[in-house]
Amino acid sequence: MAAVTFLATASVGSAAALGGITDAGEVDSAAERVITTGEGLLFPIEPSPMCEVLNNFGGHSKAQGAGQHDGVDIGAMEGQEVYAVADGVLEIQHTDPDTSAGLGWRLWVDNPIDGPVQYRYYHLAGFADGLEEGSVVTKGQVIGYVGDTGNASPGGWHLHFEVRPGPKQRYGSPEPVDPVPLLDIPTICNVY
């Protein structure tokens with residue numbers, strides 16, 4: 001079922017780029033699950049001249065108050081299709097555009113085959129027809145549309161994208177890793 005091949009073991013150099021090296025100099029098991037071979041994860045939107053990737057992982061976040069920004073923001077056109085970066089199962093489909101968490105319409109897709117790894121897509125304008133919690137999605141399938149919901153500035157259309165390797169937790173979430181080194185970012189997209 002899995003379209004993305006995840007390495008069983010990761011090189012120390014690749015894991016270091018993800019911040020996945022333990023104090024003992026070994027590859028962290030969470031980093032092993034998300035390091036991909038070859039082309040990386042499918043880029044979640046169709047590239048266009050407006051494609052901008054704000055490499056702001058770990059920086060300050062309006063949504064988190066003084067907390068860190070747990071993903072990257074990908075600027076795009078309003079209503080642009082959002083694709084599943086890998087096969088998985090739709091875990092959460094939240095439709096409150098004004099949520100106090102600032103995340104707007106959002107989808108969480110679990111990939112239990114290669115991981116567990118969770119891919120999160122935020123600030124959506126809407127979801128693809130026929131999707132509901134528990135739906136199986138495939139790599140490249142349209143799952144939603146770029147929007148400016150939640151705490152995104154009006155007209156500031158973008159996709160906030162997160163990668164969270166690790167098992168589901170009863171409370172809280174698996175820790176995020178920087179998606180930029182994992183994505184196959186098209187050359188037409190500017191990375192800042």
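Each residue of the sequence shown is one higher than the one before, starting from 1 at the first, in full-length UniProt numbering.
Note that the Cβ used here is the ideal one computed from N, Cα and C, for glycine as well.
Please read all numbers here as calculations on a predicted model, not as lab measurements.
Please state if the CB of residue j and the CB of residue i are separated by a distance shorter than 9 Å.
i      : j      : result
ARG120 : GLY40  : no
VAL89  : VAL136 : yes
ASP178 : GLY75  : no
TYR122 : GLY150 : yes
What residue does the beta strand (DSSP E) around residue i start on, and which one ends it?
i           : result
GLN93       : 88-94
LEU54       : 52-54
residue 194 : Residue 194 cannot be examined here, being either before or after the span of the chain that is shown, 1 to 192.
TYR145      : 142-146
Give me whichever residues DSSP pairs with residue i in a beta bridge.
i      : result
ASN111 : VAL117
PHE127 : GLY144
Measuring only the C-alpha atoms, how far is residue i from residue j?
i      : j      : result
ASP110 : PRO116 : 7 Å
VAL27  : LEU159 : Only weak support exists for where VAL27 lies, its pLDDT of 42 falling under 50; the coordinates are left without a value.
MET50  : VAL163 : 23 Å
ALA84  : TYR192 : 23 Å
ALA125 : CYS189 : 21 Å
GLY156 : GLN169 : 32 Å
GLU52  : ILE185 : 10 Å
SER173 : LEU131 : 23 Å
ASN55  : TRP108 : 21 Å
ILE92  : THR187 : 31 Å
ILE45  : PRO154 : 20 Å
Would you identify the three-state DSSP class for residue i, choosing helix, strand or coil?
i      : result
PRO167 : coil
VAL72  : strand
LEU182 : helix
ILE45  : strand
GLY79  : coil
GLU162 : strand
ASN190 : strand
Check the Cβ-Cβ distances between residue i and every residue of chain C, and say whether any is below 9 Å.
i     : result
ASP70 : Given the protein chain composition of this structure (a single chain), no chain C is represented.
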